[in-house]
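As structure tokens, the structure follows; a few thoughts come after it.
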Amino acid sequence: MVVNTEVNIGVLKLNNPVLVASGTFGYGDECKEMVELHKLGGIVTKSLSLNPRIGNPPPRIVETTGGMLNSIGLANIGVKKFIQDKLPFLKSIGTSVIVNIAASSVDEYCMVLSLLEEQEGIDGYEINISCPNVKDGGLSFGTNLSITVEITKRLRSLTTKPLIIKLTPNVTKISDFARAASDEGADAVAVINTLVGLAVDIRTRKPKLSTITGGLSGPAIKPVALAKVYEIARSVKISIIGIGGIMTAEDAIEFMLVGASAVQVGTANFIDPSTAVKVADGIVLYCTQNKIDSVQKLTGAMQY
Amino acid sequence: MVVNTEVNIGVLKLNNPVLVASGTFGYGDECKEMVELHKLGGIVTKSLSLNPRIGNPPPRIVETTGGMLNSIGLANIGVKKFIQDKLPFLKSIGTSVIVNIAASSVDEYCMVLSLLEEQEGIDGYEINISCPNVKDGGLSFGTNLSITVEITKRLRSLTTKPLIIKLTPNVTKISDFARAASDEGADAVAVINTLVGLAVDIRTRKPKLSTITGGLSGPAIKPVALAKVYEIARSVKISIIGIGGIMTAEDAIEFMLVGASAVQVGTANFIDPSTAVKVADGIVLYCTQNKIDSVQKLTGAMQY
Amino acid sequence: MIQILSRVSNVRSISDNIWAINLVSPEIASIVKPGQFINVKVSESYMPLLRRPFSVQQVNADEITIIFSVYGLGTALLSKKRPGEILDIIGPLGNSFNTEDKFDTALLVGGGIGVAPFPFLTSILKRSTKNIITYLGARSSTHVITQQLENVKVATDDGSMGYHGTVVDLLRKDFSGSQYGNPKIFACGPTPMLRSISKLIQEIQVPCEASFESAMACGFGICQGCPVELVNDEKKYALVCKDGPVFDIRSIRIPYGS
Amino acid sequence: MIQILSRVSNVRSISDNIWAINLVSPEIASIVKPGQFINVKVSESYMPLLRRPFSVQQVNADEITIIFSVYGLGTALLSKKRPGEILDIIGPLGNSFNTEDKFDTALLVGGGIGVAPFPFLTSILKRSTKNIITYLGARSSTHVITQQLENVKVATDDGSMGYHGTVVDLLRKDFSGSQYGNPKIFACGPTPMLRSISKLIQEIQVPCEASFESAMACGFGICQGCPVELVNDEKKYALVCKDGPVFDIRSIRIPYGS
Ligand SMILES: Cc1cc2nc3c(=O)[nH]c(=O)nc-3n(C[C@H](O)[C@H](O)[C@H](O)COP(=O)(O)OP(=O)(O)OC[C@H]3O[C@@H](n4cnc5c(N)ncnc54)[C@H](O)[C@@H]3O)c2cc1C
Ligand SMILES: Cc1cc2nc3c(=O)[nH]c(=O)nc-3n(C[C@H](O)[C@H](O)[C@H](O)COP(=O)(O)OP(=O)(O)OC[C@H]3O[C@@H](n4cnc5c(N)ncnc54)[C@H](O)[C@@H]3O)c2cc1C
Ligand SMILES: Cc1cc2nc3c(=O)[nH]c(=O)nc-3n(C[C@H](O)[C@H](O)[C@H](O)COP(=O)(O)O)c2cc1C
Ligand SMILES: Cc1cc2nc3c(=O)[nH]c(=O)nc-3n(C[C@H](O)[C@H](O)[C@H](O)COP(=O)(O)O)c2cc1C
Ligand code: FES
Ligand code: FES
Chain X
432 MVVNTEVNIG
442 VLKLNNPVLV
452 ASGTFGYGDE
462 CKEMVELHKL
472 GGIVTKSLSL
482 NPRIGNPPPR
492 IVETTGGMLN
502 SIGLANIGVK
512 KFIQDKLPFL
522 KSIGTSVIVN
532 IAASSVDEYC
542 MVLSLLEEQE
552 GIDGYEINIS
562 CPNVKDGGLS
572 FGTNLSITVE
582 ITKRLRSLTT
592 KPLIIKLTPN
602 VTKISDFARA
612 ASDEGADAVA
622 VINTLVGLAV
632 DIRTRKPKLS
642 TITGGLSGPA
652 IKPVALAKVY
662 EIARSVKISI
672 IGIGGIMTAE
682 DAIEFMLVGA
692 SAVQVGTANF
702 IDPSTAVKVA
712 DGIVLYCTQN
722 KIDSVQKLTG
732 AMQY
Chain Z
432 MVVNTEVNIG
442 VLKLNNPVLV
452 ASGTFGYGDE
462 CKEMVELHKL
472 GGIVTKSLSL
482 NPRIGNPPPR
492 IVETTGGMLN
502 SIGLANIGVK
512 KFIQDKLPFL
522 KSIGTSVIVN
532 IAASSVDEYC
542 MVLSLLEEQE
552 GIDGYEINIS
562 CPNVKDGGLS
572 FGTNLSITVE
582 ITKRLRSLTT
592 KPLIIKLTPN
602 VTKISDFARA
612 ASDEGADAVA
622 VINTLVGLAV
632 DIRTRKPKLS
642 TITGGLSGPA
652 IKPVALAKVY
662 EIARSVKISI
672 IGIGGIMTAE
682 DAIEFMLVGA
692 SAVQVGTANF
702 IDPSTAVKVA
712 DGIVLYCTQN
722 KIDSVQKLTG
732 AMQY
Chain W
6 MIQILSRVSN
16 VRSISDNIWA
26 INLVSPEIAS
36 IVKPGQFINV
46 KVSESYMPLL
56 RRPFSVQQVN
66 ADEITIIFSV
76 YGLGTALLSK
86 KRPGEILDII
96 GPLGNSFNTE
106 DKFDTALLVG
116 GGIGVAPFPF
126 LTSILKRSTK
136 NIITYLGARS
146 STHVITQQLE
156 NVKVATDDGS
166 MGYHGTVVDL
176 LRKDFSGSQY
186 GNPKIFACGP
196 TPMLRSISKL
206 IQEIQVPCEA
216 SFESAMACGF
226 GICQGCPVEL
236 VNDEKKYALV
246 CKDGPVFDIR
256 SIRIPYGS
Chain A
6 MIQILSRVSN
16 VRSISDNIWA
26 INLVSPEIAS
36 IVKPGQFINV
46 KVSESYMPLL
56 RRPFSVQQVN
66 ADEITIIFSV
76 YGLGTALLSK
86 KRPGEILDII
96 GPLGNSFNTE
106 DKFDTALLVG
116 GGIGVAPFPF
126 LTSILKRSTK
136 NIITYLGARS
146 STHVITQQLE
156 NVKVATDDGS
166 MGYHGTVVDL
176 LRKDFSGSQY
186 GNPKIFACGP
196 TPMLRSISKL
206 IQEIQVPCEA
216 SFESAMACGF
226 GICQGCPVEL
236 VNDEKKYALV
246 CKDGPVFDIR
256 SIRIPYGS
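Residue numbers (the working numbering), protein chains in the order written: chain X, 432 to 735; chain Z, 432 to 735; chain W, 6 to 263; chain A, 6 to 263.
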């Protein structure tokens, strides 16, 4: 049986539903020797801000049970250098290119997006309003409904390209934020960014991250991410991109069954940069074994 | 060096800072053959409601990476049977007895507490406003600030015994809820109850729990729990009891360093019912090795 | 019920994908009853986090034996244990088969790895004067484990050994022919097998105790995680780990699914 | 940089709590340079989740060797690998020591397991006509690993072997006496050692390349998790896994703590 692997995220058509998540695959070129990049459903870039950001002081990484905390602090080369140095390669791969934008003000989001609008080869934008590791913007945006509305509205007015709002799980009711994004015309929500977490070194009695708290990712958070996708799927109609602890095709299929149209692989890339390719293959195998002719049919197919 | 292990939770004095968490140690008698119960800092009972509750249909348990989801649904014998059948044994142990109360209405909380007030041998109450697995009450209380205020106020007026409000992590800003509890006169907050999570069986395409979502516990959630305790410690003065993924003395010490005065061991009891006793011993060893003469001094001692 | 560090004295493969482990534990060996189980910490890390329950398959002096099929991570880790290693176990857990009520013929009916408690049950039954007949169902001949069992009758799904069909069909056939004298059925196996036995019982009206499984967090009654639904009981649920795993099959509403 | 399944050909304990593993990997062996490392998947479960980085200690034909001390869960699991097992590794990673610039005497200064990259570095240096002198610091004599090194001078914390004191004190002492002809220091070891070398360098003005460590999530430049702070550089940070692990010691602001 031939399985149709194409999925639609609003107006965005992906070759397959498995993307790599922002901040976990650099700008795509770092892995070119190891990964068959054209087999990815899409690449979401590291979050880009208007100017380069140096990021937070070390230590930025701690391993936890089944997961990790990070406090990178959006270290990135800035949108201009990205356009110059990274976009040409990304365009050449033959997979969808989603540029992730982070900013400290609504205006900065708009400026970054406007600069990107002048470029060709960008298939969509993912708006990070949910980074827990920066002082300005980040979580203070993603946990505030009216700012979420404003950011979505302003960016929507600037582009007709697919607009994806990336939500934080660190809220009481994530579906309110998904509805806000939906109401303002976003094509999709990406769910979830990391959970706020902390770890202490009891020997030195210091926090294990320089910023004290960081963002928790990896298989440990998968059940939480699935619950958030499920909550949103029951309350909005726009597409959902599921993220959180995906290591295997089985994990990705869980996300699709609860309502995701596509998924992103994050932390798993650090362990095996070809995870997303393997996950995409595994989804096809599952569909074949279960006589499902299109991966789209998995979305929301949980029986209950 | 002799280490003073006593800690104070408001007016409640505990022999040592390590309790067993509600719902993870039954009513204390089930483990009497295996655990040196008198060495526990305290026993928090399974949540008790006015009438017995049969709980949710199976399956109620799923293992996840570094954690588990449960959907017990507050199955319990009801407060009257508890008083008759379980309290006498609990009183005889020689450790602090904290009765955890869950209810579907503010009145029910009050009724249960009033019945318990007539009894001797109860050292305090822990109020579960944060169970994610019941339709009525539970999370709908714990995520609502004004109900949190009302429950605390009403119960405070009924008892002078230590009153502990158990908070849910499934909110945007847990310190708001801690402050509400503090303002209404609670002696302490217990932090955290489980995170809402979900798991799907991709073979049957059904949720792995009968209630679809459940509560995530175990070492996977420890970083989140530590971040919540830290957030609260910076904003309220009342005592904090830290809970979430504690498996070892090291874990417990992390909670104390970020601001907890005591801790509760939950899921770990299922794997080793003597965990809390071992954790208490391990804390003393750490204090000895670090020349700390009182475990109280660990509270909030993180260097940053 | 005790928690104890027990030494592995033997690990061996006894059939296709089936392993047996002997554990030195005089404390448990001296008190365990057939149908009871132990809960084994299979990993030193938190993966898997929870213990894994296994029926006691046999008792020999100081040692107890468990047998298991490699299913997921937990049983895979267990199959790699080596003699001399120490396992943290809790047991004996649960109730047990009642071997002392009034019956003359014990019919042991097992499906797949459900045969696990039968060698020990057989040893105990042999102390009395009861007849023992053992019905085993398996996918195919390589999955049949007949060791330490009495009067074994086999049914295989693929017909590669014994009766071609399910073990319950074989049992029904035998009942439709001659009758066993004053029989009692002891059943252990996958849920679908228990469901068909339950149906058969209604037809033939023979007492039947069955061992049930459930996902378990604790195994000793503190988590409330392992309910089975009771038929016509106001309590509604019983716990597999404490009230079971052995129940009168008529008292349980057997769930659908595997 | 490739990701590859590599066969373990040998595992052995080479000293107190120190293990060596040989891995068959012609692809990596043929291109790796001294100072580079590989990132090893130590577990088949998610615990530990992340790979563990290890310097390439030596290269022999198709094989590379890593040595490590058992520290936490990851290295404990690694020490239990057996010949024939397959490990998923990524490498070679990072930059390397520069052995080709103008110096006549290579001073290899290692503390503890920091000796790891030196045997391979020594092999490469021996291809030239440079002098090689190796300074090793360790807690005590049982922790000293001198295999495959040249002209070894030892310092131990407890004085049980060689100089009684730190390896940097020994080096300072030697410098205060005679001078080495046109020397260059190659350093690898714990942060406090690197900090004292850095101080010594300011006194004696000798070029020094040092290998730095950092917690790592990926090891190949995509997570931004492994920065070291640069001295007077607008970029502020460099990545240990990609820009390093080898840096001119003067370019790095060495952090406090271990
Ligand atoms: C009282 C009792 C006695 C048992 N006796 C035996 C025995 O003698 N021999 C034997 O081979 N097996 C026995 N089992 C089943 C055995 O416990 C499971 O095969 C084992 O837990 C699987 O673990 P795993 O890590 O290999 O698989 P996992 O990776 O955990 O996958 C296990 C799968 O089985 C399900 N599962 C997990 N735990 C259990 C459980 N306790 N019961 C049923 N399903 C479960 C999970 O939902 C999951 O889908 C018994 C179970 C119970 C409850
Ligand atoms: C480039 C590089 C090369 C290395 N080469 C060697 C070598 O040749 N031999 C050797 O024995 N060790 C080497 N290390 C250190 C080695 O990676 C750590 O000892 C190992 O990761 C510890 O893992 P564990 O699971 O045993 O300990 P864990 O249980 O993970 O505990 C590790 C402790 O060390 C810290 N840690 C974790 N990862 C690292 C890391 N990558 N670097 C420093 N600290 C870490 C953690 O914060 C934690 O406190 C190297 C590290 C780097 C970065
Ligand atoms: C090291 C690291 C860096 C990250 N950087 C970003 C980022 O720049 N922008 C963003 O939107 N998300 C970022 N994330 C979040 C991931 O994209 C993803 O939402 C999260 O890690 C959960 O998925 P996972 O469990 O598969 O990793 C980062 C995550 C990690 C672990
Ligand atoms: C099976 C199970 C049952 C629980 N029942 C209750 C309960 O009845 N009342 C309550 O307040 N918390 C209950 N909890 C929550 C725990 O008390 C604790 O807050 C949570 O599990 C986090 O701690 P842990 O990670 O150490 O388990 C339960 C948790 C589990 C796993
Ligand atoms: S498994 Fe915990 S009560 Fe049965
Ligand atoms: S470890 Fe990921 S960038 Fe260095």
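All C-beta atoms in this analysis are idealised placements derived from N, C-alpha and C, irrespective of residue type, glycine included.
Helix, strand or coil at Z/ASP554 according to DSSP, with G and I counted as helix: coil
Continuous alpha helix (DSSP H) stretch holding X/TYR540: start and end: 537-548
With 16 other Cβ atoms within 10 Å as the buried cut-off, status of A/HIS169: exposed
Span separating the alpha-carbon of Z/PRO428 from that of Z/GLY457: In the structure as shown, chain Z begins at 432 and stops at 735. Residue 428 of chain Z is therefore absent and cannot be evaluated.
Bridge partners - W/ALA192, DSSP secondary structure assignment: W/VAL114 and W/ALA215
Any 3 or more C-beta pairs closer than 8 Å across the segment 437-455 of chain Z and the segment 466-484 of chain Z: yes
Coil, strand or helix - X/LYS522 by DSSP: helix
Secondary structure of Z/LYS597, DSSP reduced to three states: strand
Selection from A/GLN229, A/ALA25 and A/SER30 that minimises the alpha carbon distance to X/ALA506: A/GLN229
Proximity test, A/THR80 beta-carbon vs ligand 2 heavy atom, cut-off 6 Å: yes
The segment 581-590 of chain X contacting the segment 513-528 of chain X, beta-carbon criterion three pairs below 8 Å: no
For W/PRO97, the first and last residue of its enclosing beta strand (DSSP E): 91-98
Nearest to W/LYS241 (by Cα), restricted to the options Z/LYS512, Z/TYR717, Z/LEU629 and Z/GLY486: Z/GLY486
Sub-7 Å separation of Z/VAL493 and Z/LYS639 beta-carbons: yes
Near-chain Z residues of the segment 638-666 of chain X - C-beta to any C-beta below 7 Å: PRO638, ILE643, THR644, LEU647, PRO650, ALA651, LYS653, PRO654, VAL655, LEU657, ALA658 and TYR661
Candidates A/GLY224, A/GLU239 and A/VAL233, of which the one nearest A/GLN41 by Cα: A/GLY224
Buried/exposed call for W/HIS148, threshold 16 Cβ in 10 Å: buried
Close Cβ partners of W/SER74 (< 6 Å) along its chain, the five nearest in sequence each way excluded: ASN22, ILE23 and ILE118
Inter-residue Cα distance where the pair is W/VAL114 and W/TYR140: 5 Å
A/GLU218: CB within 6 Å of a non-hydrogen atom of ligand 2: yes
Ligand 3 heavy atom lying under 6 Å from the CB of X/ASN624: yes
Length of the line joining the Cα atoms of W/ILE150 and W/TYR51: 33 Å
Beta-bridge partners of Z/LYS637, as assigned by DSSP: Z/ASP632
W/LYS46: contacting residues in chain Z (beta-carbon distance under 9 Å): ILE702 and ASP703
Integer Cβ distance of A/VAL61 from A/PRO122, believed to fall under 8 Å: 7 Å
Contacts of Z/GLY509 in chain W (Cβ-Cβ under 8 Å): By Cβ distance, chain W contributes nothing, its closest Cβ being about 12 Å from Z/GLY509, past 8 Å.
For Z/VAL466, the nearest candidate out of W/ASP106, W/ILE95, W/ILE138 and W/GLU105 (CA to CA): W/ILE95
Contacting positions in the segment 216-230 of chain W - beta carbon closer than 9 Å to chain Z: SER219, ALA220, MET221, ALA222, CYS223, GLY224, PHE225, GLY226, ILE227, CYS228, GLN229 and GLY230
Reference Z/ALA609; option with closest CA among Z/ALA651, Z/VAL627, Z/GLY628 and Z/ILE672: Z/ILE672
In chain order, each alpha helix (DSSP H) run of at least 4 residues that lies wholly inside the segment 138-198 of chain W: 172-181
Status (buried if at least 16 other CB within 10 Å, exposed otherwise) for X/VAL660: buried
Terminal residues of the alpha helix (DSSP H) in which X/ASN575 lies: It is not in any alpha helix (DSSP H) - X/ASN575 carries neither H nor E in the DSSP assignment.
Neighbour flag for Z/GLY457 against chain W, beta carbons, 7 Å: yes
Residue environment, A/ALA66, which counts as buried when at least 16 other CB atoms sit within 10 Å: exposed
Sequence-distant residues of the same chain with beta carbon closer than 8 Å to X/SER480, five excluded per side: LEU505, ASN507, GLY509, VAL510, ILE532, ALA533, ALA534, SER535, GLU539 and VAL543
Distance CB(X/PRO654)-CB(Z/LEU647) smaller than 7 Å: yes
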